[in-house]
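Residue numbers (this note's numbering): 839 to 986. Okay, so here's the structure we're looking at.
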Amino acid sequence: MKVVLKQDVKGLGKKFQIIEVSEGYARNFLFPKKIAVIADNKNLNEAQGKIDAQKYKKKTELEAANENKKIIESGFIEFKHKVGEGSKLYGSVTEKDIAEKIKEKFSIEVNKKKIVIDDPIKTLGTFIVSVKLYEGVVAKLKISVIRM
839 MKVVLKQDVK
849 GLGKKFQIIE
859 VSEGYARNFL
869 FPKKIAVIAD
879 NKNLNEAQGK
889 IDAQKYKKKT
899 ELEAANENKK
909 IIESGFIEFK
919 HKVGEGSKLY
929 GSVTEKDIAE
939 KIKEKFSIEV
949 NKKKIVIDDP
959 IKTLGTFIVS
969 VKLYEGVVAK
979 LKISVIRM
């Protein structure tokens, strides 16, 4: 019997996937728990429409991420900090600071957890950090820390 899954099932398939299962398994387990529906024309068309919508959404998000990557990599961010002995900063430049500056300068909303700093920024100079914008899209952002 062919059924359309309504959610991911480990060892069986992904959401909206059409699979072949035994009639007893479908009628006694999948249908009562509302995990799957019978694969008739209505349900097949509905599943195909949702799959197409997901593909379109992923495509547009990927295009937007690539545009944001170009914008971020074309510019740089400058931080002005107070400096102590040996050109060390009072405090450091954090992911939160970087996310706020990206929003301020480029008008791009970035979660601070998506910013990767290799070494803590605690001195003057120029640094490069990675900004994860989407799955497989990582922008390299130049950061300049100068004396206040």
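The beta-carbon is built from N, C-alpha and C at its ideal position, and this holds for glycine as well.
For residue i, the nearest candidate out of the options (CA to CA)
{"i": "residue 868", "options": "851, 879 and 972", "result": "851"}
{"i": "residue 930", "options": "856, 974 and 959", "result": "959"}
{"i": "residue 914", "options": "883, 939 and 925", "result": "939"}
{"i": "residue 926", "options": "962, 900, 866 and 861", "result": "962"}
{"i": "residue 854", "options": "862, 861, 860 and 845", "result": "845"}
Neighbourhood of residue i by C-beta distance below 7 Å, restricted to the same chain and skipping five residues each side
{"i": "residue 953", "result": "933, 936, 937, 967 and 969"}
{"i": "residue 847", "result": "873"}
{"i": "residue 904", "result": "975"}
{"i": "residue 922", "result": "928"}
Buried or exposed (CB count within 10 angstroms, at least 16 for buried), residue i
{"i": "residue 885", "result": "buried"}
{"i": "residue 977", "result": "buried"}
{"i": "residue 984", "result": "exposed"}
{"i": "residue 907", "result": "buried"}
{"i": "residue 891", "result": "exposed"}
Beta carbon of residue i nearer than 9 Å to that of residue j
{"i": "residue 964", "j": "residue 951", "result": "no"}
{"i": "residue 982", "j": "residue 916", "result": "yes"}
{"i": "residue 840", "j": "residue 856", "result": "yes"}
Residue i to residue j span [Cα, whole Å]
{"i": "residue 887", "j": "residue 909", "result": "33 Å"}
{"i": "residue 842", "j": "residue 877", "result": "5 Å"}
{"i": "residue 918", "j": "residue 956", "result": "20 Å"}
{"i": "residue 972", "j": "residue 944", "result": "17 Å"}
{"i": "residue 893", "j": "residue 883", "result": "15 Å"}
{"i": "residue 858", "j": "residue 897", "result": "29 Å"}
{"i": "residue 946", "j": "residue 889", "result": "28 Å"}
{"i": "residue 849", "j": "residue 879", "result": "25 Å"}
{"i": "residue 941", "j": "residue 949", "result": "10 Å"}
{"i": "residue 866", "j": "residue 902", "result": "45 Å"}
{"i": "residue 895", "j": "residue 864", "result": "31 Å"}
Spatial neighbours of residue i in its chain, beta-carbon cut-off 6 Å, leaving aside the 5 residues before and after
{"i": "residue 920", "result": "928 and 986"}
{"i": "residue 875", "result": "842 and 881"}
{"i": "residue 861", "result": "839"}
Neighbourhood of residue i by C-beta, 8 Å cutoff - its chain only, sequence neighbours within 5 removed
{"i": "residue 899", "result": "972"}
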